[in-house]
Amino acid sequence: MATTKTAPKAASKPAPKTKKAPETTDVVEESALNELFLDELKDIYWAEKHLAKALPKMAKAATSDELRNAIETHIAETENQITRLESAFASIDEKAVAVKCEAMAGLLKEGEEIISETEKGTFTRDAGIISAAQKIEHYEIASYGTLRTLALTLGYIDAAELLEATLAEEKNCDSLLTQIAEGGINDTAKTEKE
Ligand code: FE
Ligand code: FE
Ligand code: FE
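Residue numbers in the sequence shown follow the working numbering, run continuously in steps of one, and reach 308 at the last position.
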């Protein structure tokens, strides 16, 4: 006996959520710009996760305590940035997904090359590590600057605040690396023989 016809589908439909203006939200969520924003968020999420794994090797390879300490501080910041990205995904009801960032993969490869091509215990190696690290920070600064602006455009205020906080940390790290290089490492490296 067929009994499936008795339950009309409309009766089980959940009540619509009322916390957001539905029309505006739908327009934003279905926009190509929203998709671009999400893709970029997934890209930087992958980048940060891989950077967190690579930074300890860079810290270990550093000659000066000053550079090692700066990198170690940034490892802790990077872990926190990963958590912030997860909060940003959550704030727009999206799952945190990492999609390979070819740029970060390339930048990390360059960093490894610089370490293997420079002598252990030299300041030339530190100058090289700083060079590699600043290229990474600049990529992150560009990424977070864009993401923050896109989040504001799309009306994702919470995500924009999280991205802005990380952007400030990346800029700070970049300036600190410049200070360390100019504060003695480059001058000492200049006296080292090939
Ligand atoms: Fe970062
Ligand atoms: Fe990327
Ligand atoms: Fe960084």
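No residue lacks a Cβ here, since even glycine has one placed at the ideal position from N, Cα and C.
The model shown is predicted, which means the values in this text are computed figures rather than measured ones.
Using a 10 angstroms sphere on the CB of threonine 305, the tally of other CB atoms stays under 16, which defines it as exposed. For cysteine 287, the shortest separation between its Cβ and any heavy atom of ligand 3 lies below 7 Å. Remark: the shortest separation between the CB of glutamine 248 and any heavy atom of ligand 1 does not fall under 7 Å.
In this structure the region 138 to 148 does not lie against the region 162 to 174, because fewer than three pairs of beta carbons, one per stretch, are closer than 8 Å. Rounded to whole angstroms, the gap between the alpha carbons of serine 201 and leucine 281 is 15 Å. For serine 289, the uninterrupted alpha helix (DSSP H) run begins and ends at 271 to 294, by DSSP. The three-state reading of DSSP puts alanine 212 in coil, since its state is none of H, G, I, E or B. Counting along the chain, the unbroken alpha helix (DSSP H) around threonine 267 starts and ends at 237 to 268. Sixteen is the threshold: since fewer than 16 other Cβ atoms of the shown chains lie within 10 Å of the Cβ of aspartate 301, the residue is exposed.
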